[in-house]
Structures are given as C-alpha cells and as structure tokens.
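Residues 14 to 537 (my numbering) make up the sequence shown, in order. For every residue, glycine included, the Cβ atom is placed at its ideal position computed from N, Cα and C. Down below is the structure, laid out as structure tokens.
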Amino acid sequence: MSELRDAAMSAKAWPFEEARRLLKRYEKAPPEKGYVLFETGYGPSGLPHIGTFGEVLRTTMIRHAFQQISDIPTRLFCFSDDLDGMRKVPGNVPNQEMLQEHLQKPLTSVPDPFGEFESFGHHNNAMLRRFLDTFGFEYEFYSATDFYKSGQFDTTLLRAAERYDDIMKVMLKSLREERQQTYSIFLPLHPETGRVLYVPMKNVDAAKGEITFDDEEGREWTLPVTGGNVKLQWKPDFGARWAALGVDFEMYGKDHSTNTPIYDKICEILGTPAPEHFTYELFLDDKGQKISKSSGNGISIDEWLSYASSESLSYFMYQKPKTAKRLFFDVIPRAVDEYHQQLRAYPGQDAAGKLNNPVHHIHNGDVPESRMVVSFAMLLNLASVASAQDKETLWGFINRYAPDASPATHPDLDAAAGSAVKYYEDFVAPTKTYRAPTDLESEALTDLRDQLAAYDGPVEDEALQSIVYAVGRDRFDPLRDWFKAIYETLLGASQGPRFGGFIALYGVDETVALIDRALAGELA
Numbered sequence: 014m015s016e017l018r019d020a021a022m023s024a025k026a027w028p029f030e031e032a033r034r035l036l037k038r039y040e041k042a043p044p045e046k047g048y049v050l051f052e053t054g055y056g057p058s059g060l061p062h063i064g065t066f067g068e069v070l071r072t073t074m075i076r077h078a079f080q081q082i083s084d085i086p087t088r089l090f091c092f093s094d095d096l097d098g099m100r101k102v103p104g105n106v107p108n109q110e111m112l113q114e115h116l117q118k119p120l121t122s123v124p125d126p127f128g129e130f131e132s133f134g135h136h137n138n139a140m141l142r143r144f145l146d147t148f149g150f151e152y153e154f155y156s157a158t159d160f161y162k163s164g165q166f167d168t169t170l171l172r173a174a175e176r177y178d179d180i181m182k183v184m185l186k187s188l189r190e191e192r193q194q195t196y197s198i199f200l201p202l203h204p205e206t207g208r209v210l211y212v213p214m215k216n217v218d219a220a221k222g223e224i225t226f227d228d229e230e231g232r233e234w235t236l237p238v239t240g241g242n243v244k245l246q247w248k249p250d251f252g253a254r255w256a257a258l259g260v261d262f263e264m265y266g267k268d269h270s271t272n273t274p275i276y277d278k279i280c281e282i283l284g285t286p287a288p289e290h291f292t293y294e295l296f297l298d299d300k301g302q303k304i305s306k307s308s309g310n311g312i313s314i315d316e317w318l319s320y321a322s323s324e325s326l327s328y329f330m331y332q333k334p335k336t337a338k339r340l341f342f343d344v345i346p347r348a349v350d351e352y353h354q355q356l357r358a359y360p361g362q363d364a365a366g367k368l369n370n371p372v373h374h375i376h377n378g379d380v381p382e383s384r385m386v387v388s389f390a391m392l393l394n395l396a397s398v399a400s401a402q403d404k405e406t407l408w409g410f411i412n413r414y415a416p417d418a419s420p421a422t423h424p425d426l427d428a429a430a431g432s433a434v435k436y437y438e439d440f441v442a443p444t445k446t447y448r449a450p451t452d453l454e455s456e457a458l459t460d461l462r463d464q465l466a467a468y469d470g471p472v473e474d475e476a477l478q479s480i481v482y483a484v485g486r487d488r489f490d491p492l493r494d495w496f497k498a499i500y501e502t503l504l505g506a507s508q509g510p511r512f513g514g515f516i517a518l519y520g521v522d523e524t525v526a527l528i529d530r531a532l533a534g535e536l537a
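Right under this line is the structure:
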C-alpha cells in the first residue's frame, strides 16, 4: 500500500494531479468540518444527458485518487438546482402546451409532463439518480428546493442580505448597463403565482432579513429571505452554495470558466475560502454542436449502454478531459477496444504504470481481467460478412477460433457479441458500400485466394497475416493501399481489422469463398 501511495504522489494521471492540488489545501491542518467535500451541480431544466454523468464520474475519479494519498474522510454531494424557474419548455418532452402555462415557476412546482412524479423537477432528479445508481456512484443527493425551504441555507441567505452591497458590486461589474438597472442577487417567489420574479429590490433590510419589491403589476411585497421565499440568482447561488456547504472541490464545463472569479469572490465575501476547481472541455454532437439537455442532441446514457458496456463509456470520459470531444455513436467501437487493451496491459505494469492506466481509475484499483479474446471491431466485421442477426451466429465462429470460450466463461465477450450485431444493424449496414476491385487488386486478391486455398498451416493470426502482407508487398506502394482495397472490396468499409486475425476468426475456407464472391462481382 505504501508503494502505491508513494507512486500516487508523482503519478501523471490527471485525477492524481488534481488530488494532490486539493491535498495542499489542508497540508497545515485538516478541515474543521471533518471531511473534504466534493460537489457536482445539475440544472434539471431537461432530461439528464451524458455530460452530467461525465461530471460525476470524473469527480469520483479525483475523489478516489484523493483517498489513495490522504486519510482525510471525503463526501460527494450531487446538488440539483431544482428551484430554478423553468425559462423555456424543453423540446424533447411531452405535453408541451401544458408546460407553457407554468413558465417561470420553480421546476419542482411544474407538473411532470410524463405524469409519473410530483413535479418535472422531481422527474428529472429521479432520472439523474437512476443514471448515477446504474454506475454505482457513492453520493449524497441534495435538492435546492429542500435546501432553501428547510432552513439549511438560511444563515448564508441572511449573510448575503448583510453583505448585499458587496455582492452587488461584484455582479454589476459583469453586467451590461441596461441589465444593471434592474438586477438583484435575490429572486423572490411570488406569494400568489409561485413564479420566480426577476425584479429590482426597493429595499434590502439586513437587520430584519427581508426584501421589498414590486411585482410585475406594481404591487409592493415584503418577504423574508429565508424559508424558501427567495432564491439567489444562479451566479451568486453558485458561490453562496460553496460557502454554505464548505465545498472543497467542484468541476464544471468550459462555459462556466469566465464566471469562476465571480463565484470565488462571492464565496469569500460570505466568509468561506473558495474551493478548488477543474474546468473540462465540452462534449459535441456529430455536427460539432455542444450537447444540451433541452435539445437532447448527442448520445444518451441509455443509448450508449444499448451498444456497449458502462466501462467503455467510463473509459471515453476519462480520456483528455480538457479536450473537446465528439460524443456520437461512431466513437463507441474504439472506446470498447481501447478499454480492453488497457485491461490486458494492467497486470504486467509496475505501480506507476498501473496508476497512470485509465482502468485503475475506472475500477478504483480493483481491476478485472479482460475476457475479450475477439475485438469489438472484429465482431462488427464478422457480423457483416456472416450477415449475423443474433449473437449465436457469431459464437459459431468464435468457438472455432477460441474453443475454450463460452458465454458463461467470457460474459464480456458474450455481451459484446450481442452489442456488435445491434450496432452493425443500426449503423454499419445502412452505410455499407462495396466496390469492384481494379485489375491490379483482382490480381492480388486471386493470388491471396489461391494461397489461402492451398494453406495447411496453423490457423493463427500472425501466420495468416504474413500471407496477406506478402501478397501485397510486391504490388502496392504504399502497402496501405492493399489493405484499403481488401476492406473496400471484401468488407464494404474504408477501414477494418488486421486481416490475418479476421481470416483466423471467420475461417480460411470462408474467406476463400468471400474473395470468390468479390471477384465474381457479387458483392459490389
């Protein structure tokens, strides 16, 4: 254990880099509250998307890394801003007209358009928790509605009233002149309509803890800032929540980065040191647009899990968090295969290598063995040439290639076989295009076909790959044109697997028959 801790203090993996930075916060004395608090925030204005999952996953990875270098207890709060007013109706939910009637009401006061929960906010919170529970995250859920109404936020709200002018100075510097005229850090909830009001304050009485304002109809109201009668604007709310809870670490997307100084300053005005931060780049859909809850673009967690394992998604999220990434269906096969490559490498690595391996962070050090004796990319190609409609068809080939494998002994391979068939049917088959070989390619394919027909050696990847390589070496320059020709004429794709491995899996005789079909013009 000491060897791992020593290695962790110099590991280059980003979770350890962040954990060491956080540990410096308490190198002189442990936290008075007795633990280090990690927080993630969620705005439940729409259905939770995969980026929300990524934020909690990455925070959890840093938390685990911190636990490996420190004995200070930790907690993780997942905080839902469900007291926010619904500013627009999400486009991907039912009962749009009904929701229009409840604009500007807190999300926990808007009826659930799905008719399943107490409110739309409760529905989205339940979806978030279901997603998080699917992955076994250890977290404590916090609802802003409960936080405000239960009185847990009262001390901080009263302090915000006392230091209203100081907080307003911070905020007004960031606003256009027109917005400055009507801005207030406090948003009252109308006593009659329940709507969140964006109105200027006529008076803030710090001694009484009250605000006075006119509603949209010009009627004057005075409300206490406590007890859920008032909420804070979202930027002040960010900093005030840090102060109220004593947050030590929070990560968020690049779109928040320009607000970080504002959040920090408000937290400090309210009497608490600002937390450590980590800003990650955004996820993009297939068109390069930022994914969002309200538009529902990109991939959902459920969609990813219908084609691949949760661990492959975690692997994708681990990679280069400070680099923007396309998050669409075509990233799935690579993520699956790279994840298993890292699993296979892990047992042979030293302590430093293991701590820098993504799977260490995905599995919190308890790393399983990979049983994927066939890659996901290979399974996709096999599904294509075998016209497989179920995983049992693929197992017929797998068992010949790996006789000791079975669905019972290789559950990850069994799941991947089923996913490969589904992925092939949904994404590969509709775009598959074969072309006829050129004269040079036909000559090479005929040579390959004849050599395979006469082959009586071991049906092994390397032996068969050497044949494929030798056939193309004297005919193609660069050699990659030969492999491109194989993929486009035999597999109907622009790229593919190491072809010797494919022959070993699909079968030598079956590959000869496949080449015959291509030469006869039956595929193109």
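*Give me whichever residues DSSP pairs with Thr87 in a beta bridge.*
Val49
_Environment of Gly252 [buried if 16+ CB atoms lie within 10 Å]_ = buried
*Quick one, are the C-beta atoms of Tyr196 and Leu202 less than 8 angstroms apart?*
no
*Ala390 vs Glu454 beta-carbon contact at 8 angstroms*: no
*C-beta contact flag for Val481 and Leu461 at 8 angstroms*: yes
*May I have the straight-line CA-CA distance separating Asp474 from Tyr328, to the nearest angstrom?*
27 angstroms
_Proximity to Ile312 [Cα-Cα], best of Gly231, Phe90, Asp343_ = Asp343
*Short check: CB of Leu5 to CB of Gly222, under 8 angstroms?*
Any property of residue 5 remains undetermined from this structure, which presents the chain solely from 14 to 537.
*For Ser325, which residues from the same chain have a beta carbon less than 6 angstroms from its beta carbon, with the 5 sequence-adjacent residues on both sides left out?*
Ala348, Val349, Tyr352
_Helix, strand or coil at Val521 [DSSP, three-state]_ = helix
*Using CA coordinates, which residue listed in Phe496, Pro346, Pro288, Lys303 is at the minimum distance from Leu318?*
Pro346
*Note down, one range per segment and in chain order, each alpha helix (DSSP H) of at least 4 residues found wholly within the region 472 to 523.*
474 to 486, 493 to 499, 512 to 519
*Does DSSP put His5 in a helix, in a strand, or in coil?*
Because the chain here runs from 14 to 537, residue 5 falls outside it and cannot be looked at.
*Going by beta carbon distance, what residues of the same chain come within less than 6 angstroms of Asp155, once the five residues before and after it are set aside?*
Strictly speaking, residue 155 in this sequence is Tyr, with Asp absent from that position. Around Tyr155: Phe90, Phe92.
*asked:* Please report the straight-line C-alpha distance between Ala32 and Asp315, rounded to a whole angstrom.
replied: 30 angstroms
*Go ahead and label Leu492 buried or exposed: buried means 16 or more other beta carbons lie within 10 angstroms of its beta carbon, across all protein chains shown.*
exposed
*asked:* So Leu116 and Met140 are supposed to be a Cβ contact under 8 angstroms. How far apart are they, rounded?
replied: Actually they do not touch by this definition, with Cβ atoms about 21 angstroms apart.
*Using CA coordinates, which residue listed in Leu35, Leu96, Ser400, Thr169 is at the minimum distance from Ser83?*
Leu35
*asked:* Is the beta carbon of Arg511 closer than 8 angstroms to that of Gln478?
replied: yes
*Could you name the residues of the same chain whose beta carbon sits closer than 6 angstroms to that of Ser15, not counting the 5 residues immediately before and after it, in chain order?*
none
_I want to see whether chain D comes within less than 8 angstroms of Val102, judged by CB atoms only; does it?_
Although the question refers to chain D, the structure presented lacks it and comprises just one protein chain.
*Which residues in the same chain as Asp363 place their Cβ atom closer than 7 angstroms to its Cβ, once the five residues preceding and following it in sequence are excluded?*
none
*Apart from the five residues on each side of it in sequence, which residues of its chain come closer than 7 angstroms, Cβ to Cβ, to Asp268?*
Leu295
*Note down the Cα distance separating Pro57 from Asp95, rounded to an integer number of angstroms.*
6 angstroms
_Selected residue, minimal CA-CA separation from Gly470, among Val521, Phe496, Asp490, Asn137_ = Val521
*Count the other C-beta atoms from every protein chain shown that fall within 10 angstroms of the C-beta of Asp146, then say buried if there are 16 or more, exposed otherwise.*
exposed
_Going by beta-carbon coordinates alone, are Tyr359 and Val386 separated by less than 8 angstroms?_
no
*asked:* For Thr292, which residues in the same chain have their Cβ closer than 6 angstroms to its Cβ, ignoring the five residues on either side in sequence?
replied: Lys267, Ser270
*asked:* Rounded to whole angstroms, what is the Cα-Cα separation between Lys25 and Val260?
replied: 25 angstroms
*Exposure of Gly231, with buried meaning 16 or more beta-carbon neighbours within 10 Å*: exposed
*Touching or not, the region 422 to 442 and the region 389 to 403, by the rule of three or more beta carbon pairs under 8 angstroms?*
yes
*Local conformation of Tyr293 per DSSP, three classes*: strand
_Am I right that Lys108 and Pro126 are in contact with their C-beta atoms under 8 angstroms? What's the rounded C-beta distance?_
A small correction: the amino acid at residue 108 is Asn; Lys does not occupy that position in the sequence shown. Asn108 to Pro126, Cβ: 4 angstroms. Contact.
*Between the Cα of Ile528 and those of Asp490, Ala287, Gly509, Ala449, spot the shortest distance and give me the residue it belongs to.*
Ala449
*Looking at the structure shown, is Glu153 part of a helix, part of a strand, or coil, going by DSSP?*
strand
_C-beta contact flag for Trp255 and Ala220 at 8 angstroms_ = no
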